[in-house]
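Down below is the structure, laid out as structure tokens.
Number of protein chains: 2
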Amino acid sequence: MSGIKDPRAAGLAALAGLIADETRAACLLALLDGRAWTAGELARHAGVAASTLSEHLDKLVAGGLLAQERQGRHRYVRLAGARVATLVEDLAAQLPPAEGRRPVRGLREASAGSAMARGRTCYDHLAGRLGIALTDALTARGLLRQDTGFALTEAGLGWFAAAGIPLARGGRRPLARACLDWTERRPHLAGVAGAALCRHALEAGWCERIGSERAVRVTDTGERELSALLGLSPGALR
Amino acid sequence: MSGIKDPRAAGLAALAGLIADETRAACLLALLDGRAWTAGELARHAGVAASTLSEHLDKLVAGGLLAQERQGRHRYVRLAGARVATLVEDLAAQLPPAEGRRPVRGLREASAGSAMARGRTCYDHLAGRLGIALTDALTARGLLRQDTGFALTEAGLGWFAAAGIPLARGGRRPLARACLDWTERRPHLAGVAGAALCRHALEAGWCERIGSERAVRVTDTGERELSALLGLSPGALR
DNA sequence: GGCACCCTTCGGCCGGCACCGAAGGGTCCG
DNA sequence: CGGACCCTTCGGTGCCGGCCGAAGGGTGCC
Chain A
1216 MSGIKDPRAA GLAALAGLIA DETRAACLLA LLDGRAWTAG ELARHAGVAA
1266 STLSEHLDKL VAGGLLAQER QGRHRYVRLA GARVATLVED LAAQLPPAEG
1316 RRPVRGLREA SAGSAMARGR TCYDHLAGRL GIALTDALTA RGLLRQDTGF
1366 ALTEAGLGWF AAAGIPLARG GRRPLARACL DWTERRPHLA GVAGAALCRH
1416 ALEAGWCERI GSERAVRVTD TGERELSALL GLSPGALR
Chain B
1216 MSGIKDPRAA GLAALAGLIA DETRAACLLA LLDGRAWTAG ELARHAGVAA
1266 STLSEHLDKL VAGGLLAQER QGRHRYVRLA GARVATLVED LAAQLPPAEG
1316 RRPVRGLREA SAGSAMARGR TCYDHLAGRL GIALTDALTA RGLLRQDTGF
1366 ALTEAGLGWF AAAGIPLARG GRRPLARACL DWTERRPHLA GVAGAALCRH
1416 ALEAGWCERI GSERAVRVTD TGERELSALL GLSPGALR
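Protein sequences, first through last, are from chains A and B.
As numbered in my numbering, residues 1216 to 1453 make up the first sequence, in order.
As numbered in my numbering, residues 1216 to 1453 make up the second sequence, in order.
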């Protein structure tokens, strides 16, 4: 009440302003898949002229939300890091479920949508029903604690070690973090452990990407391994 | 890459747009103290006309960020809930430390600032060096786990029960959550446990508010109790 | 009742910004 | 070297939204 505005207000407004545009928001949501997109791809995705999108990218890069890499005549752009991904996810998680739903048009889109709901990547970890199933299985086996917060247990650390999934500890990023799933509206494992699990699942062939999309499918190998390691019933992942 | 924009983009942009104004951002930051402010107080705080602020409040209420209560000729307004508080904190935590610092003018402001740095409320939990000290003490005693995520341990649950601080479990809100401190830039305890601890500390007289501000001071009783319960050295809280 | 106070509505002003198309520069390929 | 392609810069346009002051309505106090 000292009559003086909080000095962070300008910065906060500027940061929010970067997201407060439908075209830029669409870019950020698209980039949540963790991949690098070219400026042209994003322009087509957002439905605006290339020149318009170029200016948007300038702002997002200048604001520290995106990292860019120029290769020849292409401008590749991706989220600047896990912090930004978390931020966008958190904001999107605030949206009421009713909002942002749109009738699905056509069989192709319906099938793509259901594949996404089944399993997908969310920046660098697994989401969708697959992500939920893994998180629930870890919790049920006492490897992950959700009732008193969100953290791996000692047994959980041992499980990752036994599965041959190294966890980089001691960094600034939390080892385990809850990420609210968009389709399921339930928390799933993110953070260092979530990223490591996703990376290992793709490298070990437990999962594979469907086409060039975010959607992910569990392989036969994956079903066997996950059943053995976590007691996941094979049917739950289809 | 289907050429169709994510349907959440419009909602995300609208939500961010609510915060993407310096005046509204200043209001949200001010309301982070968890109290209810009148429209006039906020107008003076933000340095705009009452009519201008009235329209801002309409938008924030319509957007679900604020809850309002009309009493007589007053319009009281507060953050709509812990989710909103978390959202604003998370956004503010993204700001680079350099940004948003302003030279302190005068002794009065310097003393108020140092009181805030020593201890304050952050929506419904304790922050500042006091919040950090409590969180560190809980962690050092094995009551709180930060190395594998952020969660209370079994011993931690017992500590709260023994201290006579009830924890409402089973709700949607996480029991323990990390909140990044603005002045210290380190995580401290938030969530149900953080709120319960703060409430108990104020009710049991461990702490008291300084004037009508957010700043909080540890009392002599508090020093004794916290020393006995957590092994906190009295000097650390001054 | 009269008056002070808090807030809201309205009209008008102004600045900022998202958008486009055209033109231009850089890159790769044939 | 010519052409296709990707991106950027620039000028111009239109709209949205924040701001104010004046006027008005509701509330509480004397």
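Note that CB positions come from ideal geometry on N, CA and C, so glycine has one too.
Contacts that residue i makes with chain B (C-beta to C-beta distance below 7 Å)
i	result
residue 1220 of chain A	1241, 1260, 1261 and 1262
residue 1358 of chain A	Residues of chain B passing the Cβ test: none, with the nearest at roughly 10 Å.
residue 1375 of chain A	Chain B residues near residue 1375 of chain A: none, gap ~10 Å exceeds 7 Å.
residue 1351 of chain A	By Cβ distance, chain B contributes nothing, its closest Cβ being about 16 Å from residue 1351 of chain A, past 7 Å.
Where residue i sits in the DSSP three-state scheme
i	result
residue 1306 of chain A	helix
residue 1315 of chain A	Any reading at residue 1315 of chain A must be qualified, since the residue scores a pLDDT of 44, below 50, and its modelled position is unreliable; no value is offered.
residue 1192 of chain A	Nothing can be reported for residue 1192 of chain A, as the shown portion of chain A is limited to 1216 through 1453.
residue 1430 of chain B	strand
residue 1363 of chain B	coil
residue 1265 of chain A	helix
residue 1231 of chain A	helix
residue 1501 of chain B	Coverage of chain B is limited to positions 1216 through 1453, which leaves residue 1501 of chain B absent and any answer about it impossible.
residue 1250 of chain B	coil
residue 1178 of chain B	The structure shown does not extend to residue 1178 of chain B, since chain B spans only 1216 to 1453, so no value can be given for it.
residue 1217 of chain A	Note on residue 1217 of chain A: pLDDT 43, under 50, position unreliable in the model; no value is reported.
Delimiting residues of the alpha helix (DSSP H) encompassing residue i
i	result
residue 1238 of chain B	1237 to 1246
residue 1440 of chain A	1435 to 1445
residue 1417 of chain B	1406 to 1418
Interface partners of residue i on chain B, CB under 9 Å
i	result
residue 1344 of chain A	By Cβ distance, chain B contributes nothing, its closest Cβ being about 19 Å from residue 1344 of chain A, past 9 Å.
residue 1305 of chain A	1301, 1302, 1305 and 1306
residue 1391 of chain A	1363, 1364, 1365 and 1366
residue 1234 of chain A	1227, 1228, 1230, 1231, 1232, 1234 and 1235
Residue i, enclosing beta strand (DSSP E) - first and last residue
i	result
residue 1290 of chain A	1289 to 1294
Residues that residue i contacts on chain A, provided the C-beta gap is smaller than 7 Å
i	result
residue 1468 of chain B	This structure cannot settle anything about residue 1468 of chain B, because the visible part of chain B is limited to 1216 through 1453.
residue 1367 of chain B	1363 and 1364
residue 1425 of chain B	Neighbours of residue 1425 of chain B on chain A: none; closest Cβ ~13 Å, over 7 Å.
Closer than 8 Å at the beta carbon, the chain A residues around residue i
i	result
residue 1245 of chain B	1221
residue 1372 of chain B	1363
Partners in chain A for residue i, counting only beta-carbon separations shorter than 9 Å
i	result
residue 1387 of chain B	Within chain A, no residue comes near residue 1387 of chain B; the closest Cβ sits about 10 Å away, beyond 9 Å.
residue 1237 of chain B	1220, 1224, 1225, 1227, 1228 and 1229
Chain-ordered chain B contacts of residue i [CB-CB under 8 Å]
i	result
residue 1195 of chain A	Any property of residue 1195 of chain A remains undetermined from this structure, which presents chain A solely from 1216 to 1453.
residue 1298 of chain A	1309
Residue i Cβ short of 7 Å to the ligand SAH heavy atom set
i	result
residue 1413 of chain B	The ligand SAH is absent from the structure shown, which contains no ligand whatsoever.
Can we say the region 1260 to 1278 of chain B touches the region 1228 to 1246 of chain B, given the rule of at least three CB pairs closer than 8 Å? yes
Count the C-beta pairs between the region 1337 to 1348 of chain A and the region 1362 to 1374 of chain A that are closer than 8 Å, then say yes if the count reaches three, no if not. Not touching, per the Cβ criterion.
Residue ranges of each beta strand (DSSP E) within the region 1349 to 1393 of chain A, 3 or longer: You should have 1364 to 1367.
Please confirm if the region 1422 to 1429 of chain B is in contact with the region 1352 to 1362 of chain B, defined as three or more CB-CB distances below 8 Å between the two stretches. Of all C-beta pairs linking the region 1422 to 1429 of chain B to the region 1352 to 1362 of chain B, fewer than three are shorter than 8 Å, placing the two stretches out of contact.
Three or more C-beta pairs under 8 Å: does that hold for the region 1398 to 1412 of chain B against the region 1445 to 1452 of chain B? no
Do the region 1328 to 1344 of chain A and the region 1427 to 1440 of chain A touch if we need at least three Cβ pairs shorter than 8 Å? Yes, the region 1328 to 1344 of chain A touches the region 1427 to 1440 of chain A.
How do the region 1300 to 1310 of chain B and the region 1219 to 1228 of chain A stand: do at least 3 beta-carbon pairs fall below 8 Å, yes or no? yes
Check whether the region 1254 to 1265 of chain A touches the region 1252 to 1270 of chain B, taking contact to mean three or more Cβ pairs, one atom from each stretch, closer than 8 Å. no
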